[in-house]
Amino acid sequence: MFWVILLLLAWVAAGTACTLLCLAAVHAAGTDADTGGTHDLTLYEAAFLSGGPARVADLTLVSMARQRRLLLAHTGWATVVDPRGRDEMERSVIGAIGPEGQSPIAPVRAAAAATEAVRGLADRLVRAGLAVPAGAGTTVAAGVRRVRFAALAVVALGVTALLLPVEPGMPRHLVAFWFALPLALTLSCLALARIEAHPYSHWASPAGQRLLGRLARHSGDAADDRAYLTTVAVRGVGAVGEPELRAAFARRGPARRG
């Protein structure tokens with residue numbers, strides 16, 4: 005009867021994960037219902053909702069590079085051309101580069117993403133109901149991950165049960181059937197979550213995701229440079245068109261100075 009204990013564990017894993025996913029979906033729906041009015045996203049806000057603090061740092065670097073106020077070499081180094089930052093984010097990037105005016109890009113991105121300016125941006129978006137609180141673990145994305153893990157756990161427990169000796173007269177296909185029930189529960193929850201809540205965002209609330217979708221649809225209506233930066237904000241540095249800029253961000257560690 006050891007397989008019965010494994011079956012109970014499978015039900016506990018599946019039931020707990022699916023319950024937490026449902027609670028996360030209800031919480032997201034409640035937050036979304038409380039978010040009224042309209043909000044025009046800035047590029048920094050769009051970047052945060054799309055990719056978090058690191059995306060904000062990337063957008064700032066690309067924006068300054070396009071204005072020729074920052075040189076991003078293909079060797080992976082950033083050089084300050086104009087030391088006067090025009091907003092908090094630019095001043096954070098310049099401060100992360102340091103007094104020498106030159107630094108590898110990778111540590112600049114990490115330092116700029118952790119500045120007070122980015123944390124303040126995140127707090128404002130959370131208060132507006134457009135972003136999810138950091139580390140809450142109650143988002144739909146976190147719930148989906150838990151259900152996926154539970155589904156894998158049910159499969160593993162089921163396979164283990166089938167490999168163990170069972171009592172005489174108990175067909176193995178019946179054991180498999182009992183484990184198929186919690187597996188069906190987890191797969192059904194995943195299917196419903198994909199229909200109702202996809203895409204799963206680590207940063208944007210449902211209201212924030214709608215604003216991002218609206219921004220992406222209307223980005224072509226703006227000036228060329230803003231449309232370009234909007235694409236970078238939403239899609240990341242992979243959307244950068246210039247090969248040298250892409251090469252600069254591809255560097256993950258110090259290289260020779262450009």
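Position in the sequence shown (first residue = 1) + 4 = my numbering. Glycine included, C-beta positions come from ideal geometry on N, C-alpha and C. Everything numeric in this text was worked out from a predicted model, so none of it was measured.
Bounding residues of the alpha helix (DSSP H) (the contiguous stretch that carries residue i)
i	result
T119	Looking at the DSSP string, T119 is not in any alpha helix (DSSP H), and its letter there is neither H nor E.
A50	L47 to R70
S96	E92 to I101
V148	V144 to L167
T235	D228 to R239
A243	Careful: A243 lies outside any alpha helix (DSSP H) and carries neither H nor E.
Those residues which DSSP pairs with residue i across a bridge
i	result
V84	L74
A208	A135
Under the three-state DSSP convention, the category residue i falls into
i	result
S192	helix
A132	coil
P108	strand
D127	helix
T20	helix
V170	coil
P247	helix
A259	Only weak support exists for where A259 lies, its pLDDT of 48 falling under 50; the value from the coordinates is given anyway. Note: A259 maps to coil in three-state DSSP.
G217	helix
P186	helix
L13	helix
W7	helix
Residue-chain proximity (residue i, chain D), Cβ-Cβ < 9 Å
i	result
A126	Absent from the structure: chain D. Only one protein chain is present.
At a cut of 8 Å, does the stretch 111 to 125 reach the stretch 59 to 66 through at least three beta carbon pairs?
yes
Validate contact between the stretch 101 to 111 and the stretch 119 to 130 using beta carbons, cut 8 Å, 3 pairs:
no
For the structure I just gave you, are there three or more beta carbon pairs, one from the stretch 229 to 242 and one from the stretch 75 to 90, closer than 8 Å?
no
Do the stretch 146 to 165 and the stretch 19 to 29 make contact, defined as three or more Cβ pairs closer than 8 Å?
yes
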